[in-house]
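Below you'll find the structure, written out as C-alpha cells, and then a few comments.
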Amino acid sequence: MKRVTPSLVVAVMALVVLSGCSTIRNTWKDTRKLYKNYVDVDPSIDLTDEGITDKGLQKLARLFSPVDQRVEMFTRVYYTQDNPPEPEWCAQFMADFPWLSGMAVVNKDGAVRLQEPAVALRTLDFAPLLELEDRLSKRKLVANATSDDMGGLIYVAAPFFENNEYAGIIVSWFEPRAIAEASPSPEELYIIQPEAVLWDGGHPEAAQSLVSVGWPSILKSEVQGEMAIAGTRYVWQSRFLGQMQLLYLVEVPTAVEQKPASEQAAPPASGSPEAGDAEKDAGAAPEGTAEPHTSSDSGVAPAM
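One rule links them: number in my numbering = place in the sequence shown (from 1) + 1204.
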C-alpha cells in the first residue's frame, strides 16, 4: 500500500502538469493570433480606393486647395514677427511672396512708419484693421476686404509690440486674383465673402447670385455644403482669414466626362475573327432596329 500511494500521487501530478501545458499552449496560440490580427497587423494599401468619391467635392478640393495653401503659408510668416520690422525684413517678405501688392508698418494711431512700395497705386484704408484693437492686442490676425473701380483688395494684418505693449500693425494687401491664380482652373472657382464677391472667375452674374443666399444664417451651423441656385448646383467650403470668413465655391459637374476619341477602342478590321463575330451579333437584331443602351453602357453617368 505504501508503494502504491506514491505512484498514484506521481500519476496525478503528471496529469495536472500535462493538462496545464495543453491549456497554456492553446492560450498562447490564441494570444499570438489576436496580436497578429489586431496589434501587429501587416499593412496593406488599396490603390483602387479613390478616397472622396463625390465629384463635386473632388473638384472643389482640386481647385481651391492650392489657393488655401498659398494663403496658409503667407499667414504663418506673420506669427514669426511681433516686433517692429526693419526695412530689410519687409523687403525679404515681399520677395518671398511676390504676389503681394504691398505692405506697411502702421502705428496704432494710424501713422505709417514705412511702406513698400512707398507710393501705392490705389487708395489704402487701414482704419478698419486698427479698429480691431481688442483682437490685435491678443496677438491675433485681422483681415478686411474692400472694392473700388479697380476691383477687390484684401488686407491682412498682424500686431507688433513694444515693451510688451500693443503698438501697431504689420499689414499686407493683395488682389483676390493673386491667390485665385494658384488654382489650376481659376475660371471655375468663385471666392466670395458672405456679403461681397472677391473673385468671380469671369462669371459676374453667377457670382452675384452666390452672395444673395443668406450666408450669415447658413454659416452659423455649417462650414461646408452644397446648394442649388437657378438650377445650378454648387459645392462650397468656408475658411477663416483672421476674423474674416472666405467662401470657396465651384459648380458641381453634371456628368462624367467621356474619354477622348483617341482612347476609345478602334473597330475590328474587316475580315478579322472579331469583325465576323460583330457581324453575327449585328445580324441577331431585327433590321432597322437598334439595341437600347443604358447610361452605364455608354460610360456617361446620369446628370446630377
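Positions of the beta carbon are idealized from the N, C-alpha and C atoms, including for glycine. The structure displayed is predicted, hence computed values, not measured ones.
Measuring C-alpha to C-alpha distances from Pro1302 to each of Val1309, Ala1434, Glu1320 identifies Glu1320 as the nearest. For Trp1403 and Tyr1370, the gap between their C-alpha atoms comes out near 34 angstroms.
By the beta-carbon neighbour count (other beta carbons within 10 angstroms, threshold 16), Ala1361 is buried. Annotation: Phe1330 is outside any alpha helix (DSSP H) and is labelled neither H nor E by DSSP. Residue state for Pro1363 is assigned as strand, using DSSP reduced to three classes. For Trp1303, no alpha helix (DSSP H) run applies, since DSSP gives it neither H nor E. When beta bridges are read from the DSSP output, Phe1378 appears opposite Ile1358. Short of 8 angstroms from the beta carbon of Glu1379, and not among the five residues preceding or following it, lie these beta carbons of its own chain, in chain order: Ser1305, Gly1355, Gly1356, Leu1357, Ile1358. Annotation: Gln1397 is outside any alpha helix (DSSP H) and is labelled neither H nor E by DSSP. Put simply, the backbone Cα of Ala1382 is about 30 angstroms away from that of Thr1257. Boundaries of the beta strand (DSSP E) harbouring Ala1347: 1346 to 1352, taken from the DSSP string. Assigned with DSSP and collapsed to three states, Glu1385 falls in coil, not helix or strand.
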